[in-house]
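To start, the structure under review is shown below, and the notes come after it.
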Amino acid sequence: MGLFSRRSDDTTPGYEDNAALRGFGGYEPADAPHVPSPDAPRARPKRIRPAPKPLKWRRAPWLGLVLIALIAGVLNALGVGKPHHTSSAPTSRPPRVETPSPRTVVPAVTSGWQSVAARDGSYAYDVPPSWEPAPTTQHGWDEPPIRLITSAFLGRDFCARDTLGGAGVTTEPLADPEAAARKAATDLATGAYGGTSQVGPGTDAELTKPDGTRAPARIVVAEVTPAATGECAAKDALVAAMAFGNGSASGVVVAYADSDRSGPTIREDLVGILKSYRFVPAADRRTTTPPPTTYR
0 MGLFSRRSDD
10 TTPGYEDNAA
20 LRGFGGYEPA
30 DAPHVPSPDA
40 PRARPKRIRP
50 APKPLKWRRA
60 PWLGLVLIAL
70 IAGVLNALGV
80 GKPHHTSSAP
90 TSRPPRVETP
100 SPRTVVPAVT
110 SGWQSVAARD
120 GSYAYDVPPS
130 WEPAPTTQHG
140 WDEPPIRLIT
150 SAFLGRDFCA
160 RDTLGGAGVT
170 TEPLADPEAA
180 ARKAATDLAT
190 GAYGGTSQVG
200 PGTDAELTKP
210 DGTRAPARIV
220 VAEVTPAATG
230 ECAAKDALVA
240 AMAFGNGSAS
250 GVVVAYADSD
260 RSGPTIREDL
270 VGILKSYRFV
280 PAADRRTTTP
290 PPTTYR
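Counting in numbering that gives the first Met the number 0, the sequence shown runs from 0 upward without gaps.
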């Protein structure tokens, strides 16, 4: 089983390291020395005259001084012997600024809670103040495959690597809402925790449609005994799911958490998250642009 998480503004299900390629240089070998052929004709010897005797300093002292000055001037002109100054100023790149795309936000309907809305604001649910809305994040597990969009998290990076809980929206190819809720809860319990899970009886619920009318839904809660052990592993967990019919398939809202370390009201919080799910009329939506983020 493996948890995947990615940022995306997509609101439809779907599943994504660029590696930099470094070039390499080369060299050319030095030219090999020329070796004449043994069959080549020999050059005629030239007459070599004895070299003239070198001048002595005591006979021409000015000549040595002029030669030294001339050599020093040439070397100076070529920069030989000059100290090479390197710039001490560090090269710095300008900070990268990212301006997020405009997003649609909707007000929370649960007092003191915060809303988590779809990109277009067509639906939303609320989470307690201790939770972190992450509506552009998709997350889920590979075995069994389950993917949640319009996410929220509780205790992100808990124990330096995990979370205490989360929530999100998915679909199941089942027309019966209770069957869809049970499948989503069971799949998430297996993917996130392993071990064993026991799904309790379903209960009735309702959700608000855009026109203000109410639609029936079913809620189930699964009690989980996780398979993992160790300091960071949960001893007990809860997975709650609410499904509502949508023709041949069902929409499902799922919320889950470690029940042994998420507070005494975690069961009520998870069910409250599910019951806050609603479709949002256009009049209750507004568009906002988050402030730019600077990366240095």
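Glycine is no exception: its CB is placed at the ideal position from the N, C-alpha and C atoms.
Quick one: what does DSSP say residue i is sitting in, helix, strand or coil?
i    : result
D203 : strand
P99  : coil
G190 : helix
P128 : coil
V279 : coil
P176 : helix
E142 : coil
G262 : coil
V108 : coil
R48  : Unreliable positioning characterises R48 in this predicted model, as indicated by a pLDDT of 43, which lies under 50. A coordinate reading is not provided.
T288 : coil
R181 : helix
G244 : strand
G271 : helix
T224 : strand
E171 : strand
R295 : coil
T162 : coil
P209 : coil
S196 : strand
R155 : coil
S150 : strand
A117 : coil
S249 : strand
T136 : strand
D371 : With the chain covering 0 to 295 only, the question about residue 371 has no answer from this structure.
P94  : coil
From residue i to residue j, what distance separates their C-alpha atoms?
i    : j    : result
I218 : R266 : 13 Å
P144 : V96  : 36 Å
I272 : A254 : 7 Å
G229 : D210 : 49 Å
R118 : P101 : 9 Å
D141 : G190 : 7 Å
R277 : T109 : 12 Å
A240 : P291 : 35 Å
V251 : T149 : 12 Å
D257 : S91  : 45 Å
A282 : T135 : 22 Å
Y122 : T212 : 14 Å
L139 : T293 : According to the sequence displayed, residue 139 carries Gly and not Leu. Cα-Cα distance, rounded: 29 Å.
P157 : T185 : What sits at residue 157 in the sequence shown is Phe, not Pro. Looking at the two C-alpha atoms, the distance is approximately 23 Å.
V270 : G246 : 24 Å
Got a sec? Which residues, its chain only, sit under 6 Å from residue i by beta carbon, not counting five neighbours each side?
i    : result
G120 : T103, V105, V279 and R284
E27  : Reliability fails at E27, whose pLDDT of 30 lies under 50, so the model's placement of it is uncertain and no value is given.
G199 : V220
T286 : P101 and T103
T195 : T224
P289 : P99
For residue i, I'd like the list of residues in its chain whose CB is within less than 7 Å of its CB, leaving aside the five on either flank, ordered along the chain.
i    : result
Q113 : A107, D125, V126, P128 and P132
A232 : P225
A214 : E205, L206, K208 and F243
R155 : E131 and T162
A216 : P176, A204, E205, L206, M241, A242 and F243
A227 : G193
K274 : A204
Could you tell me whether the Cβ atoms of residue i and residue j are closer together than 8 Å?
i    : j    : result
V238 : L187 : yes
A248 : A159 : no
S261 : G111 : no
A166 : A151 : yes
Q197 : E222 : yes
A183 : G201 : no
Kindly list the residues whose CB is nearer than 8 Å to the CB of residue i, restricted to its own chain and excluding five residues on each side of it in sequence; keep chain order.
i    : result
P263 : none
R21  : Note on R21: pLDDT 28, under 50, position unreliable in the model; the coordinate value appears next. Result list for R21: empty, nothing under 8 Å.
Below 8 Å on the Cβ atoms is my guess for residue i versus residue j; work out the distance and round it to an integer in Å.
i    : j    : result
D235 : D259 : 5 Å
R295 : P94  : 5 Å
L316 : T169 : In the structure as shown, the chain begins at 0 and stops at 295. Residue 316 is therefore absent and cannot be evaluated.
Is residue i close to chain C? Criterion is C-beta to C-beta, closer than 8 Å.
i    : result
G244 : Any reference to chain C falls outside this structure, which holds one protein chain only.
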